[in-house]
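**Student:** Pasting a structure here, questions to come.
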Amino acid sequence: MVNLHSIITPLAKILPLSKPQTDVPFHAGEVYFLWEGLTSGYGFVSIAETYLMNTEDSEIHFLLDTLVKGNYVKRINPLEQVLKENGFTVPPRPVSKMLQGKPGVGQEVKLSDDEIINNLIAWGRVALNQDAKAIGAVTREPVRKVFTNLLFDDMKSFDAVMDLALNRQTFTPAPPATAGDNSLNMDEVARLWEEIHLRHISVVNLSIFLSNTKDQDLISLLNRALNKVALPQLNQIETMLKKEGFTVPVRPVDRSKQGASGQLSKINLSDDEILGVLLTGAQIAITHHVRAFSVAVRKDIKNLLRDITSTEIEEYQKLIHLTTKRHTLDNPPVVTSKRG
């Protein structure tokens, strides 16, 4: 039996929030994801409590009860706080379905325990992808910190659900890619293969961008992204696939020694254009890494993708700082709840 107490993190910890920046209005994307994150949390509470009323299984009951409480502590409370501090009226919380009777007897339409677990996996994937999109859209650091913390908390909760599903053999992963014991499944191989090609694109683009700029701050950022992030992660993924017996694709040509920065490209990009492309690429990469995490089954693959996601978000934070400093960040229109 899965020891859920050791898997699910303590729920007493409230996410720290910075003081509101009341003099800086939200842009439309930030409000959308705050509102979407909050209302999806309300929806999850209703669904989870409905599932809870459909089962008498004590292990599933504990998991659902913990997830509902964690959802209030780590998602609903922080997002409500941010919205209220900035003058927005939040919608009413859902009425608890726990008042309809004892667990397992509160619903006329019954769900099997396996259906409940698999539905939780589907909901978990939706939540993870929503968190990832929000991180890419939000530019205010305190709000992005809320969603970043929420993403990694949701990953832990998703792990708990997947562990229970795999332990009970209620979740059917993709077929194994090789005949070896505990081999990667086909979905995991496909995701790692995509991750390799993403790194290839990153290596090529970062090298080209380096050839287009003489700006020392931008050169430093690009060199770090190339040599401290893209290439080391490429090594990790290649090594993992090679251990499983797969041949990895050929790396792109090394362009780093073809000439000095700012002298190579026939089609020149401005520094602002380079920053814009990097921002868009980082936003896409974060969501891609999280989607890959959500379908991985093996622990080492999940941990690798979790680490890659964390590094990507750290680099995105540095990129946001530089674009904010340069006043090149292209936000959606600002919105405010204030009337004056």
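Just so you know, the sequence shown maps onto residues 5 to 344 in the numbering used here. Glycine is no exception: its CB is placed at the ideal position from the N, C-alpha and C atoms.
Can you check the region 93-155 for any alpha helix (DSSP H) of at least 4 residues that lies completely inside it and give the ranges in chain order?
**Tutor:** 117-141
**Student:** Tell me whether His292 sits in a helix, a strand or coil according to DSSP, three-state version.
**Tutor:** helix
**Student:** Are there 16 or more other CB atoms within 10 angstroms of the CB of Asn3, so buried, or fewer, so exposed?
**Tutor:** A query on residue 3 cannot be resolved here, the shown segment of the chain reaching from 5 to 344 and no further.
**Student:** Tell me the DSSP secondary structure of Asn90 in three-state form.
**Tutor:** coil
**Student:** Tell whether a beta-carbon distance below 7 Å holds between Leu210 and Ala229.
**Tutor:** yes
**Student:** For Arg255 and Val150, I'd like the C-alpha separation in whole angstroms.
**Tutor:** 37 Å
**Student:** Is any heavy atom in the ligand ZN found nearer than 6 Å to the beta carbon of Asn122?
**Tutor:** Among the ligands in the structure shown, none appear at all, so the ligand ZN cannot be discussed.
**Student:** Within 10 angstroms of the Cβ of Pro82, are there 16 or more other Cβ atoms? Answer buried if so, exposed if not.
**Tutor:** buried
**Student:** Can you grab the Cα-Cα spacing for the pair Gln25 / Val208, in whole Å?
**Tutor:** Residue placement at Gln25 cannot be trusted, given a pLDDT of 44 that sits under 50; what the coordinates show is reported in the next sentence. In this structure, the CA atom of Gln25 is about 39 Å from the CA atom of Val208.
**Student:** Whose C-beta lies closer than 6 Å to the C-beta of Thr327 among residues of the same chain, with five residues either side of it excluded?
**Tutor:** Leu279, Leu333
**Student:** Beta carbon of Asn75, beta carbon of Val49: below 7 Å?
**Tutor:** yes
**Student:** Does the Cβ-Cβ distance between Glu34 and Val147 come in under 7 Å?
**Tutor:** yes
**Student:** Looking at the structure shown, is Phe37 part of a helix, part of a strand, or coil, going by DSSP?
**Tutor:** helix
**Student:** Apart from the five residues just before and just after Asp276, which ones in its own chain have a Cβ nearer than 6 Å to its Cβ?
**Tutor:** Excluding positions up to five away in sequence, the list reads Thr332.
**Student:** Starting from Thr393, trace the alpha helix (DSSP H) both ways and give me its first and last residue.
**Tutor:** Past the edges of the chain, shown from 5 to 344, lies residue 393, and the structure says nothing about it.
**Student:** Under 7 Å, do Glu53 and Lys101 count as touching if we go by C-beta distance?
**Tutor:** yes
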